[in-house]
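These notes concern the structure reproduced below.
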Amino acid sequence: MRNVSKLFAAILAVSATALPSAASAEDAGHGPAIEAQEWSFAPPFGQFDRAQLQRGYKVYQFVCANCHSMNLLSYRNLAQPGGPQFSEKAAATLAAQAQIADGPDDTGKMFQRPGRPSDRFRAPYANDQAARAANGGALPPDLSVMAKARPGGPDYIYALLTGYEEAPADVTMSKGMHYNSAFPGHQIAMPNPLAEGVVEYTDGTEPNLNNYAKDVSAFLMWAAEPTLEARYRLGARIMIFLLVFAVIMYLAKKAVWARVHKRDHAAKNAA
Amino acid sequence: MAHESTYKPSTGIERWLDSRLPIPRLMNDQFMVFPTPRNLNYWWTFGAILTFMLGVQIVTGIVLAMHYQPTTEGAFESVERIMRDVNWGWLLRYAHAVGASMFFLAAFVHTFRGLYYGSYKAPREILWMLGVLILFLMIATAFMGYSLVWGQMSFWAVTVITNLFSSLDSVVPGLGTTLVQWIWGGFSVGEPTLNRLFALHYLFPFVIAGVVILHIWALHIPGSNNPTGVDVKTPSDTLPFHPYYTIKDGFAVVVFCIVFGVLLFYAPNWLGHTDNYIPANPLQTPPHIVPEWYFLPFYAILRAIPDKLFGVIGLMGAIIVLFFIPWLDTSRIRSVSYRPIFKWFFWLFVICCLALGYLGSQAPEGWYLFFGRVFTIYYFAFFLIIMPVVGLIERPKRLPGSITESVLAKHGGAA
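Residue numbers (numbering that gives the first Met the number 0), protein chains in the order written: chain A, 0 to 270; chain B, 0 to 414.
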């Protein structure tokens with residue numbers, strides 16, 4: 000909606016209505032300005048960086064997943080095309096690391112078993128109440144579509160994860176809150192989740208805060224939009240088709256209407 | 000321009016059909032040879048574009064309905080399942096969502112075209128009113144469709160809009176509340192509400208399709224208006240619809256699809272609100288409840304009026320006033336191109352609608368509210384004061400003698 004406002008604003012600027020800038024963007028409830036990052040998956044031809052998504056999954060698995068669910072994702076998604084593309088076997092192994100509640104069995108009891116690729120990502124809490132109880136009353140939101148659910152998407156997630164700072168002297172922090180430069184209102188219940196070296200990287204990428212934040216933001220973008228690559232690919236084909244088709248239609252239209260224009264000329268010359 | 004039938008059944012089957020259900024005759028007379036003013040510009044192609052978009056919405060919508068679950072527990076997730084696990088589901092869902100925006104874009108252009116060229120004036124009053132009815136049905140359909148996603152913005156939009164009926168409490172105490180509970184099917188927006196919104200969202204497009212048929216029927220009695228607003232006088236003023244306008248409309252539809260495609264494939268969520276990717280939560284109100292872009296001008300009008308009941312009347316009135324345009328416009332001529340004074344008011348009205356759109360997206364306070372009120376006043380003044388008054392005092396420019404004359408004057412000047 001911010002973009003739409005921008006669109007209307009641009010059109011309005013042309014008509015030069017002196018609109019007041021009294022309310023800054025932040026006052027209007029949009030939150031602090033978010034800096035745009037460079038992403039490998041930018042339109043129109045971008046792709047996810049497989050290694051980045053695999054690292055991002057690792058950050059999610061070791062850090063985020065301790066408090067946040069991702070209920071729309073299954074372990075099998077980790078192996079599907081257009082994503083981190085772990086091998087089928089690796090995805091099965093990652094699934095098996097989680098203990099999933101299943102049942103009831105023949106005796107009517109629920110039981111725990113190792114996860115299968117078809118299982119959804121294991122949620123850290125049984126329900127919202129348990130999640131709140133464990134987090135000082137705050138509910139860690141589900142991350143499945145987080146990258147689409149905040150203005151700025153992955154840019155916002157990156158800014159948030161790298162936005163933990165000392166609170167300025169003039170800000171009074173509420174109890175249990177943490178100062179964050181990217182969070183609307185600047186007071187967030189989530190403590191800084193990342194620190195240098197908390198997740199081990201095995202592909203030579205430097206295990207620093209910046210890379211963690213970047214990788215997990217990219218991973219969350221894929222999680223929110225797992226068909227992004229297929230969309231760009233189909234889009235490219237359809238756009239090429241439409242452009243060619245438009246040229247053909249234009250020429251056909253010209254050819255058909257040439258008859259009328261010819262008749263007009265004849266009529267004029269006769270007159 | 001209701002014309003003599005030129006259809007000659009040429010085969011046995013056609014002759015047999017012609018004396019029973021003459022569909023080939025109808026298609027020939029109303030589609031193939033239908034006499035159409037020869038000077039229609041590209042603004043006239045939006046009728047075909049709209050027909051195409053209605054088809055897109057119905058086809059994608061029916062398939063989406065096969066996978067969608069209208070339950071408060073399952074709705075949000077089923078939409079995401081469609082995006083993730085249904086074959087081509089992401090394409091269907093984004094085409095349907097972006098398609099709604101494209102549909103409205105085309106409908107607004109089509110409406111402004113009718114307004115500019117005076118296509119509502121006699122003998123096309125019913126044609127125009129059916130168009131306004133279609134716009135009204137589209138608004139209702141889009142609103143209900145948006146609610147089905149059951150995200151935060153869906154839920155709160157339903158809450159806000161259905162609650163508007165409670166303003167009737169100030170007319171008859173208890174009437175509004177009773178009506179709202181009847182609409183909800185309970186004491187708050189919930190499962191029964193979602194179920195009926197889904198049922199009606201599936202029904203309305205077919206009602207629209209029915210009114211579209213009436214709209215085209217009403218078009219085919221007087222025939223199309225044209226950029227000069229001068230009536231068709233001789234057969235040389237017209238061309239057969241096919242191939243001249245089938246090819247022109249076809250080209251326009253393809254170009255329109257390019258714009259549609261760019262949004263669909265590269266920015267499908269650009270026109271949407273991020274809050275609608277947060278599942279509906281009746282306990283948490285979003286900081287700003289804003290509708291989709293195509294409702295923003297109406298939303299601005301609603302919020303510009305301080306009293307709730309009058310706000311609702313303003314909101315409804317913004318559409319209802321359109322029904323009366325054929326009789327509010329007192330001008331003798333149709334096309335704004337030949338109306339030197341009204342032209343300025345027309346373009347100011349276009350700016351007014353865009354401005355209301357922008358203001359609808361902002362919080363109604365301070366200068367935003369002030370300008371919201373200014374433009375709301377202009378919106379109604381345009382129809383209720385400017386249209387009748389300017390039509391009486393204005394001296395229009397000289398009209399071309401005929402459509403053919405205007406075309407020949409345009410092509411190459413002196414012969």
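Every residue gets a Cβ at the ideal spot worked out from N, C-alpha and C, and that includes glycine.
- For the stretch 28–52 of chain B, the set of positions with a beta-carbon nearer than 8 Å to some beta-carbon of chain A reads ARG37 in chain order.
- Counting of Cβ neighbours within 10 angstroms places PHE197 (chain B) among the buried residues, the total reaching 16 or more.
- TRP43 (chain B) counts as buried, since no fewer than 16 other beta carbons sit within 10 angstroms of its beta carbon.
- In the DSSP assignment, GLN128 (chain A) falls within the alpha helix (DSSP H) that extends over 127–133.
- In the three-state scheme derived from DSSP, where H, G and I count as helix and E and B as strand, LEU219 (chain A) is classed as helix.
- Contact check for ALA94 (chain A) against ASP118 (chain A) passes: the beta carbons are separated by less than 8 Å.
- Judged by pairs of C-beta atoms under 8 Å, the stretch 356–363 of chain B touches the stretch 280–297 of chain B, as three or more such pairs exist.
- A direct Cα-to-Cα measurement between ARG333 (chain B) and LEU391 (chain B) gives close to 13 Å.
- Taking PRO267 (chain B) as reference, the option from B:ALA94, B:HIS66, B:ASN27 and B:PRO191 with the minimal CA-CA separation is B:ALA94.
- Residues of chain A with a Cβ closer than 8 Å to the Cβ of PHE250 (chain B) are, in chain order, ALA245, MET248, TYR249, ALA251 and LYS252.
- Contact of GLU404 (chain B) with chain A is not assigned, every C-beta pair being separated by 8 Å or more.
- Between GLY135 (chain A) and chain B, the shortest Cβ-Cβ separation is not below 8 Å.
- Of the residues assessed, LYS57 (chain A) falls on the buried side of the cut-off, its CB having 16 or more other CB atoms within 10 angstroms.
- Annotated three-state conformation of ARG37 (chain B) is coil, per DSSP.
- Using a Cβ-Cβ distance cut-off of 8 Å, the stretch 207–214 of chain B and the stretch 3–13 of chain B are not in contact, since fewer than three pairs of beta carbons, one from each stretch, lie closer than that value.
- Under the three-state reduction of DSSP, ILE160 (chain B) is assigned to helix.
- Under the DSSP assignment, ALA100 (chain A) falls in the beta strand (DSSP E) whose first and last residues are 98–101.
- Residue state for THR237 (chain B) is assigned as strand, using DSSP reduced to three classes.
- Interface residue (Cβ-Cβ distance to chain A less than 8 Å): PHE240 (chain B) is not classified as such.
- As the crow flies, the alpha-carbon of GLY107 (chain A) is around 32 Å from that of TYR67 (chain B).
- The C-beta of PHE348 (chain B) comes no closer than 8 Å to any C-beta of chain A.
- Restricting attention to B:PRO122, B:LEU163 and B:TYR41, the CA atom closest to the CA of ALA105 (chain B) is found in B:TYR41.
- When beta bridges are read from the DSSP output, GLY150 (chain B) appears opposite B:PRO278.
- Sixteen is the threshold: since fewer than 16 other Cβ atoms of the shown chains lie within 10 Å of the Cβ of LEU282 (chain B), the residue is exposed.
- Sixteen is the threshold: when 16 or more other Cβ atoms of the shown chains lie within 10 Å of the Cβ of TRP155 (chain B), as they do, the residue is buried.
- For SER165 (chain B) and PRO191 (chain B), the gap between their C-alpha atoms comes out near 19 Å.
- Residue-level contact by beta carbon fails for ILE138 (chain B) and chain A, as no gap is shorter than 8 Å.
- SER334 (chain B) sits in coil when the DSSP states are folded into three classes, being neither helix nor strand.
- Contact check for MET69 (chain A) and LEU142 (chain A): beta-carbon distance about 5 Å, within the 8 Å limit, so the pair qualifies.
- Each residue's CA atom was taken as its position, placing PHE111 (chain B) and ALA354 (chain B) some 15 Å apart.
- Note on geometry: alpha-carbon atoms of TYR276 (chain B) and TRP127 (chain B) lie some 38 Å from one another.
- Counting of Cβ neighbours within 10 angstroms places ILE319 (chain B) among the exposed residues, the total staying below 16.
- Sixteen is the threshold: when 16 or more other Cβ atoms of the shown chains lie within 10 Å of the Cβ of PRO395 (chain B), as they do, the residue is buried.
- GLN53 (chain A) places its beta carbon less than 8 Å from that of PRO83 (chain A).
- For LEU53 (chain B), the closest of B:TRP326, B:SER235 and B:LEU134 by C-alpha to C-alpha distance is B:LEU134.
- Within 10 angstroms of the beta-carbon of ARG331 (chain B) lie fewer than 16 other beta-carbons, which makes it exposed.
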